[in-house]
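In the numbering used here, the protein residues as written are 12 to 468.
Cβ coordinates follow ideal geometry from the N, Cα and C atoms, glycine included.
Quantities reported herein were computed from a predicted structural model and do not represent experimental measurements.
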């Protein structure tokens with residue numbers, strides 16, 4: 012009778028047997044993805060020697076595979092995209108270096124060699140390489156726990172960037188430690204790539220990445236309030252309560268001119284896609300409005316895309332010209348100052364290997380954060396453009412480019428979402444756009460850096 016749960020005498024018996032015993036190693040290896048370390052040569056098996064050699068070259072140097080089908084039309088698209096992201100990279104590099112408490116030139120150096128390296132070893136066609144806000148902020152926070160980033164007028168290390176008399180000099184020990192951390196970050200990433208551990212990124216929740224980046228955005232905004240309000244005394248901590256207390260305790264340092272100039276430029280920047288002295292605030296608000304308008308126009312009409320994409324560079328150029336004409340002392344606006352002209356020198360000789368254990372603690376964190384951002388962004392644009400990227404290959408490329416960055420006075424780099432989005436919209440077809448961008452940075456370092464002296468912080 013249906014529903015009579017007591018009548019089970021005629022039901023067949025269901026026997027469950029104990030699964031056979033397996034060695035712990037065999038059991039663990041059976042659940043590993045095929046991309047794991049157990050069989051890195053799977054794609055080479057069963058093929059002729061010549062085919063194996065070709066696959067090996069393609070796997071190490073992806074550029075060799077697609078360069079054979081490269082055309083002048085693709086080159087034209089990549090040049091346009093490369094020039095476009097270069098206009099975004101220059102002001103970003105300077106700003107992000109400040110987030111890491113490093114000299115502005117180190118930000119530019121970080122966009123010099125790494126894009127070239129990624130163009131050869133990377134597999135994402137739209138990923139644009141350079142310093143990013145999240146990693147720069149994280150690096151600055153972690154390094155600050157090991158060494159103070161500045162030297163005051165008495166030569167004493169401090170976490171304060173300036174006083175009422177002006178800006179402090181960078182602490183060489185802090186800068187050199189950043190180079191060592193970047194080198195070790197690259198080694199960790201390279202090791203993960205060589206052992207084909209790209210599947211690790213697959214298990215990192217997207218919610219974790221989004222939450223981290225959202226929190227970083229709030230922290231970045233809080234760290235910029237010092238410049239926006241014109242304060243000379245500000246908390247080195249990044250939590251909201253400390254920031255609010257610091258602002259409240261030093262209200263006498265508020266400068267409406269700086270705030271006005273900063274807000275003007277902030278408005279300009281937002282439309283395209285503070286320090287508190289009234290001149291700075293006014294200037295900042297003007298350019299912020301410009302950027303916001305440019306961004307709105309670009310969304311409504313694709314013809315205005317380049318107007319928005321080049322907005323940050325235009326605002327930097329115009330603000331520098333304005334300060335040059337009006338006079339820095341009269342406006343009381345802090346500027347970037349003089350940047351070294353020419354190519355960076357080798358930083359390998361400045362590595363303090365006695366600090367390796369301390370640097371490894373920082374490098375282990377920055378390596379995974381930078382990798383997560385690069386792979387996540389690269390995979391997003393790969394899906395959008397209907398192709399596939401290899402997580403292990405991306406790890407290898409990121410490792411090599413950060414090793415190169417550390418040897419040329421740069422710091423940790425990864426894939427930049429803002430640059431990559433502009434790169435995609437500008438029509439980038441291959442990693443040649445990164446080569447074009449890096450070449451523009453090279454030209455900038457050799458010929459244009461003396462003009463940066465009047466750029467507002």
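Alpha-carbon spacing of residue i relative to residue j, whole angstroms
i	j	result
residue 117	residue 101	12 Å
residue 136	residue 448	14 Å
residue 352	residue 181	18 Å
residue 458	residue 147	26 Å
residue 365	residue 371	11 Å
residue 86	residue 446	11 Å
residue 461	residue 108	18 Å
residue 284	residue 67	Because the pLDDT of residue 284 is 45, which lies under 50, any placement of that residue in the model is unreliable, and the number read from its coordinates should be weighed accordingly. Using only the alpha carbons, I get a separation of about 42 Å.
residue 170	residue 106	18 Å
residue 440	residue 402	20 Å
residue 163	residue 64	57 Å
residue 379	residue 396	25 Å
residue 368	residue 398	40 Å
residue 81	residue 409	24 Å
residue 62	residue 356	41 Å
residue 232	residue 363	33 Å
residue 178	residue 115	13 Å
residue 450	residue 88	16 Å
residue 168	residue 79	54 Å
residue 125	residue 394	24 Å
residue 383	residue 144	14 Å
residue 183	residue 119	18 Å
residue 156	residue 411	27 Å
Buried or exposed (CB count within 10 angstroms, at least 16 for buried), residue i
i	result
residue 129	buried
residue 242	buried
residue 429	buried
residue 260	exposed
residue 207	buried
residue 160	buried
residue 166	exposed
residue 413	buried
residue 388	buried
residue 263	exposed
residue 5	Nothing in the structure corresponds to residue 5, since the chain is present only between 12 and 468.
residue 286	Residue placement at residue 286 is flagged as unreliable, the pLDDT there being 35, under the threshold of 50; the coordinate-derived value follows with that caveat. So residue 286 ends up on the buried side.
Neighbourhood of residue i by C-beta distance below 7 Å, restricted to the same chain and skipping five residues each side
i	result
residue 121	104, 141, 142, 416, 421, 422 and 424
residue 374	192, 195, 196 and 199
residue 91	437 and 438
residue 407	132, 201, 204 and 205
residue 236	254 and 258
residue 83	none
residue 361	187 and 190
residue 77	441
residue 172	161, 178 and 179
residue 390	400
Residues near residue i by beta carbon distance below 8 Å, same chain, minus five either side
i	result
residue 189	111, 113, 117, 150, 154 and 422
residue 72	131 and 132
residue 453	123 and 354
residue 376	149 and 153
residue 229	251
residue 392	135, 136, 137, 138, 431 and 435
residue 57	none
Contacts around residue i, its chain only, beta-carbon distance under 6 Å, and the 5 residues preceding and following it disregarded
i	result
residue 550	Outside the modelled stretch of the chain, which goes from 12 to 468, sits residue 550, for which no answer is possible.
residue 19	Since pLDDT at residue 19 reaches only 49, below the 50 mark, its modelled position is unreliable, and no value is offered.
residue 93	444, 447 and 448
residue 59	none
Expected contact under 8 Å - CB spacing of residue i and residue j to nearest Å
i	j	result
residue 204	residue 404	7 Å
residue 400	residue 134	5 Å
residue 418	residue 358	6 Å
residue 97	residue 427	In fact, because the Cβ distance is near 12 Å, the residues do not count as touching under 8 Å.
residue 158	residue 185	4 Å
Check: residue i C-beta below 7 Å from any heavy atom of the ligand FAD
i	result
residue 200	The ligand FAD is absent from the structure shown, which contains no ligands of any kind.
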